[in-house]
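Top line first, the protein sequences correspond to chains D and Y. Counted from 1, the first sequence has number 251 at position 251 by our numbering; the numbering is strictly sequential. Position in the second sequence counted from 1, then plus 407, gives you our numbering. For every residue, glycine included, the Cβ atom is placed at its ideal position computed from N, Cα and C. Note that the structure is predicted; figures quoted are calculated from it, not measured.
There are 2 protein chains.
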Amino acid sequence: MREIEGGVTATPGIKAAGVPCGIKEDSKSDLALIHSVIPCRAVGLFTTNKVKSASIKVSMKHLADGQAQAVIINSGNANAVTGKRGLEDAQEIAGLVALQLRIKTEDVLVASTGRIGIPLPIGKIAKGLKEIVGRLSEDGGHEAARAILTTDTFPKVAAVEVDLDGRPVVVGGMAKGAGMISPNMQAPLVTRSTGQATMLAFITTDCAIDEGLLRRALVWAVDRSFNAITVDGAQSTNDMVLILANGLAENQKIFQKDSNYQKFSEALAQVTTRLAKLIVKDGEGATKFVEVEVRGALNAQGAKLVAFSIANSNLVKAMLYGGDPNWGRIMAAIGSSGAQVEEARIEIYLGDLKLASGGCGMEFSPAKAASILREDEIKILVDLNLGREGMRVWTCDLTPEYVKLNA
Amino acid sequence: MREIEGGVTATPGIKAAGVPCGIKEDSKSDLALIHSVIPCRAVGLFTTNKVKSASIKVSMKHLADGQAQAVIINSGNANAVTGKRGLEDAQEIAGLVALQLRIKTEDVLVASTGRIGIPLPIGKIAKGLKEIVGRLSEDGGHEAARAILTTDTFPKVAAVEVDLDGRPVVVGGMAKGAGMISPNMQAPLVTRSTGQATMLAFITTDCAIDEGLLRRALVWAVDRSFNAITVDGAQSTNDMVLILANGLAENQKIFQKDSNYQKFSEALAQVTTRLAKLIVKDGEGATKFVEVEVRGALNAQGAKLVAFSIANSNLVKAMLYGGDPNWGRIMAAIGSSGAQVEEARIEIYLGDLKLASGGCGMEFSPAKAASILREDEIKILVDLNLGREGMRVWTCDLTPEYVKLNA
Numbered sequence: 001m002r003e004i005e006g007g008v009t010a011t012p013g014i015k016a017a018g019v020p021c022g023i024k025e026d027s028k029s030d031l032a033l034i035h036s037v038i039p040c041r042a043v044g045l046f047t048t049n050k051v052k053s054a055s056i057k058v059s060m061k062h063l064a065d066g067q068a069q070a071v072i073i074n075s076g077n078a079n080a081v082t083g084k085r086g087l088e089d090a091q092e093i094a095g096l097v098a099l100q101l102r103i104k105t106e107d108v109l110v111a112s113t114g115r116i117g118i119p120l121p122i123g124k125i126a127k128g129l130k131e132i133v134g135r136l137s138e139d140g141g142h143e144a145a146r147a148i149l150t151t152d153t154f155p156k157v158a159a160v161e162v163d164l165d166g167r168p169v170v171v172g173g174m175a176k177g178a179g180m181i182s183p184n185m186q187a188p189l190v191t192r193s194t195g196q197a198t199m200l201a202f203i204t205t206d207c208a209i210d211e212g213l214l215r216r217a218l219v220w221a222v223d224r225s226f227n228a229i230t231v232d233g234a235q236s237t238n239d240m241v242l243i244l245a246n247g248l249a250e251n252q253k254i255f256q257k258d259s260n261y262q263k264f265s266e267a268l269a270q271v272t273t274r275l276a277k278l279i280v281k282d283g284e285g286a287t288k289f290v291e292v293e294v295r296g297a298l299n300a301q302g303a304k305l306v307a308f309s310i311a312n313s314n315l316v317k318a319m320l321y322g323g324d325p326n327w328g329r330i331m332a333a334i335g336s337s338g339a340q341v342e343e344a345r346i347e348i349y350l351g352d353l354k355l356a357s358g359g360c361g362m363e364f365s366p367a368k369a370a371s372i373l374r375e376d377e378i379k380i381l382v383d384l385n386l387g388r389e390g391m392r393v394w395t396c397d398l399t400p401e402y403v404k405l406n407a
Numbered sequence: 408m409r410e411i412e413g414g415v416t417a418t419p420g421i422k423a424a425g426v427p428c429g430i431k432e433d434s435k436s437d438l439a440l441i442h443s444v445i446p447c448r449a450v451g452l453f454t455t456n457k458v459k460s461a462s463i464k465v466s467m468k469h470l471a472d473g474q475a476q477a478v479i480i481n482s483g484n485a486n487a488v489t490g491k492r493g494l495e496d497a498q499e500i501a502g503l504v505a506l507q508l509r510i511k512t513e514d515v516l517v518a519s520t521g522r523i524g525i526p527l528p529i530g531k532i533a534k535g536l537k538e539i540v541g542r543l544s545e546d547g548g549h550e551a552a553r554a555i556l557t558t559d560t561f562p563k564v565a566a567v568e569v570d571l572d573g574r575p576v577v578v579g580g581m582a583k584g585a586g587m588i589s590p591n592m593q594a595p596l597v598t599r600s601t602g603q604a605t606m607l608a609f610i611t612t613d614c615a616i617d618e619g620l621l622r623r624a625l626v627w628a629v630d631r632s633f634n635a636i637t638v639d640g641a642q643s644t645n646d647m648v649l650i651l652a653n654g655l656a657e658n659q660k661i662f663q664k665d666s667n668y669q670k671f672s673e674a675l676a677q678v679t680t681r682l683a684k685l686i687v688k689d690g691e692g693a694t695k696f697v698e699v700e701v702r703g704a705l706n707a708q709g710a711k712l713v714a715f716s717i718a719n720s721n722l723v724k725a726m727l728y729g730g731d732p733n734w735g736r737i738m739a740a741i742g743s744s745g746a747q748v749e750e751a752r753i754e755i756y757l758g759d760l761k762l763a764s765g766g767c768g769m770e771f772s773p774a775k776a777a778s779i780l781r782e783d784e785i786k787i788l789v790d791l792n793l794g795r796e797g798m799r800v801w802t803c804d805l806t807p808e809y810v811k812l813n814a
């Protein structure tokens, strides 16, 4: 497996484009289109927020047959809590894209991100659609990645190539994040634990793979990437990850969990992981990238509760911004997580520095702790010493800038 | 029922004092003592954090017999995650207080607030104890209220008097809060829902009341006051509410849920509510007092989930600081709360201004919204229109100052 240049258009048979259509006031790019030359196997994971945007609802419906050929994304307006009109708008956009690309309406997926509760400027979007179709290009991945941004400060793309029985298979993707980031996306009808963001990610691949295995690989990859990040613990109405697999690599189609499935899954996870990390690094106001690792939990749910309790604690995050090794706040977050823990067994590390063990603080060098906290990337490791389950979550610090950005 | 002056020493038979003993570096007052002339019926509610301070553990043990006569409180050090030594220290402090007051060690309760993980300076405290006993006074309530503060900017006291069959009965109290405030205190062995703070509150009364009813009244009053506030959603290892009832009012002892029980409960709730509001108003960095009311929930748990999801949302709280009526963030917090909701039924009000209804935003005057958001006290009302349960939570805005204070 090797990293390659590009985003969604790194994948053969995929074109993309991005244009400004006037949703954003400052004529920034706000409309993106992805198009595959042939219909794709397609899977989506969507926010578990009970309030879902119209675009989420329409995309879920259009994905019922497991097939798609294009994705239209607007930024600057979430088309959420917009009632019947919002649904009609999302459907109209899908219809217009289908008409211009001469594909089926049901093969067009729709995504939105931006302010909630304001009807889409459908006239502007319709105009933009005419323009964007003409701009579709095999080099359009970066342009599309820029068009989906909101408060993000840089576009986020990643791509890898992996050999399956000697044939090169590509996985490419793009994402946006910044605020309202703590996704917990699930496949429709798959109910599991809950979490939170607007984050959007779009993945393309030319791998030939069975739809059920594509879904399984995506769930696996998203659980250890997008579903394992949090900026502010706030779950969006619009979170969405889509994957389109057009099969043009002509590898022997993956039908079972064999070594090719394994290789493909790992390539996919590499792309989603790279994009997830970029989202955290670009979190609103963030100055630090923080990894929280929990080990020794009795069960997976307990590991997740503890990891997110630490990663979502304003007190822990403000401390990471300030550079004070006040590990008592980590201990308080562990104890209030809801997971089964025993104070006397908990070990807390900052980098390789042990801060607490056996229900007591350790003697440690304040200078060493301060130097670890000055790094751009900080690791907090918690060993609960009760069982064998673990969880790793990525987050950022909480800064005065975050509050100002959201005020 | 009428409000009266004073805090814990508003109650006849109660003396208190506060002194600096050197735990805090700047010779601020950091040791407080409450003493009743006779043993009291006593009940405590404690943090549900699985990591509990040594003072919590010792107080729980000493309350097993439902009796207490004194409370010793230190600020500046939480005596939490301090292992065996922390427990020995807390027990030693109780023993020293008992010795000097000539009461039973088991009748001394211990409370602490401050930094976690650092052993108590027991020598300094022992010296302070000798001094504080000599300062005990029937006017010492304010002095004691000052000695329990940490990042609080003002002392918090409240007292009321109520007539029970013609006899005046007093309820007086003091509290501290500021950060790590989202208490969810429960009586030991009473397991219910979970929540989060260090907040401490100490209530005294001269009411003659059965211990079981005293506990019931305290649980009722705390659930609608301290357990219904949040500053930062962070649950402390040290949260504690204690009530001491010395019976000196010589009212006919309350043995059943009659009208006197009702009057006493309401007096108690008035004191805890006043103290809880003062804690929110003094929340770290807070500039706004915010009431979040949820109506129409299918069940009480759902109402609580929605109310706290809104009140703990950094995005909602930053918006309240900034004064932008971006109600989509409230909708996102409702949908991700875990409670059963239906988007199309949700109504959101800011003050008396309806912002959203029927799954859509309303047309409203931005000037009116802006003027409501400029007030010091803001009310958010959410009607889920599904059932008859409700919950009211008090919180504050999230400000750059909060982050700086905790950095």
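Given residue i as reference, the closest of the options once Cα atoms are compared
| i | options | result |
| --- | --- | --- |
| Y:Thr612 | Y:Leu621, Y:Met606, Y:Thr605 | Y:Leu621 |
| D:Phe202 | D:Asp239, D:Met180, D:Gly22 | D:Asp239 |
| D:Leu350 | D:Ala332, D:Cys396, D:Glu291 | D:Glu291 |
| D:Pro119 | D:Ala307, D:Gly140, D:Glu88 | D:Glu88 |
| Y:Ala739 | Y:Gly730, Y:Lys775, Y:Gly729, Y:Asn719 | Y:Asn719 |
| D:Thr82 | D:Met60, D:Pro121, D:Gln270 | D:Pro121 |
| D:Cys207 | D:Ser265, D:Ala158, D:Lys304 | D:Ser265 |
| D:Glu92 | D:Val58, D:Gln69, D:Ala64 | D:Val58 |
| Y:Ala471 | Y:Glu618, Y:Gln659, Y:Glu550, Y:Arg409 | Y:Glu618 |
| Y:Leu536 | Y:Gly524, Y:Leu438, Y:Arg623 | Y:Leu438 |
| D:Gly322 | Y:Gly530, Y:Asp783, Y:Leu440, Y:Leu812 | Y:Leu812 |
| D:Thr273 | D:Asn260, D:Ala16, D:Phe226 | D:Phe226 |
| D:Val393 | D:Ile254, D:Asn251, D:Asp232 | D:Asp232 |
| D:Arg2 | D:His142, D:Ala98, D:Pro168 | D:Pro168 |
| D:Ile116 | Y:Phe662, Y:Val748, Y:Ala565, Y:Gly768 | Y:Gly768 |
| D:Asp163 | D:Asn314, D:Gln252, D:Glu284 | D:Gln252 |
| D:Ala68 | D:Glu138, D:Ala144, D:Cys40 | D:Cys40 |
Span of the beta strand (DSSP E), counted from its first residue to its last, around residue i
| i | result |
| --- | --- |
| D:Ile13 | First, the residue type needs correcting, since residue 13 of chain D is Gly and not Ile in the sequence shown. D:Gly13 -> no beta strand (DSSP E), and no H or E assigned at all. |
| Y:Gly580 | 574–583 |
| Y:Ala566 | 563–571 |
| Y:Glu754 | 754–757 |
Residue(s) in a DSSP beta bridge with residue i
| i | result |
| --- | --- |
| Y:Leu440 | Y:Ala424, Y:Ile479 |
| D:Ser357 | D:Cys360 |
| D:Met240 | D:Phe46, D:Leu200 |
| D:Ile118 | DSSP lists no partner for D:Ile118. |
| D:Gly229 | Position check: residue 229 of chain D holds Ile in this sequence, whereas Gly was assumed. Paired residue(s): D:Trp394. |
Residue i - containing alpha helix (DSSP H), residue span
| i | result |
| --- | --- |
| Y:Asp630 | 618–630 |
| D:Lys124 | 122–135 |
| D:Ala208 | That residue, D:Ala208, is in no alpha helix (DSSP H); it is neither H nor E in DSSP. |
| Y:Gly548 | 548–554 |
Whether residue i touches residue j by CB criterion (9 Å)
| i | j | result |
| --- | --- | --- |
| Y:Gly579 | Y:Val415 | yes |
| D:Leu444 | D:Val43 | Since the first residue shown for chain D is 1 and the last is 407, residue 444 of chain D is missing from the structure and cannot be characterised. |
| D:Val316 | D:Leu384 | no |
| D:Ile72 | D:Leu109 | yes |
| D:Ala126 | D:Gly18 | no |
| Y:Ala501 | Y:Thr512 | yes |
| Y:Ala635 | Y:Asp804 | no |
| D:Leu278 | D:Ile243 | no |
| Y:Ser443 | Y:Gly420 | yes |
| D:Val341 | D:Gly283 | no |
| Y:Ile779 | Y:Ile755 | no |
List, from N- to C-terminal side, the beta strand (DSSP E) runs of 3 residues or more that fit wholly inside the region 779–812 of chain Y. List check, beta strand (DSSP E) in window: 784–790, 796–803.
Write down every uninterrupted run of the beta strand (DSSP E) in the region 34–116 of chain D whose length is 3 residues or greater and which is fully enclosed by it, in chain order. Runs of the beta strand (DSSP E) inside the region 34–116 of chain D: 67–77, 108–115.
Minimum length 4: unbroken alpha helix (DSSP H) runs contained in the region 245–331 of chain D: With a minimum length of 4 residues, the continuous alpha helix (DSSP H) runs that stay inside the region 245–331 of chain D are 259–281, 300–311, 314–322.
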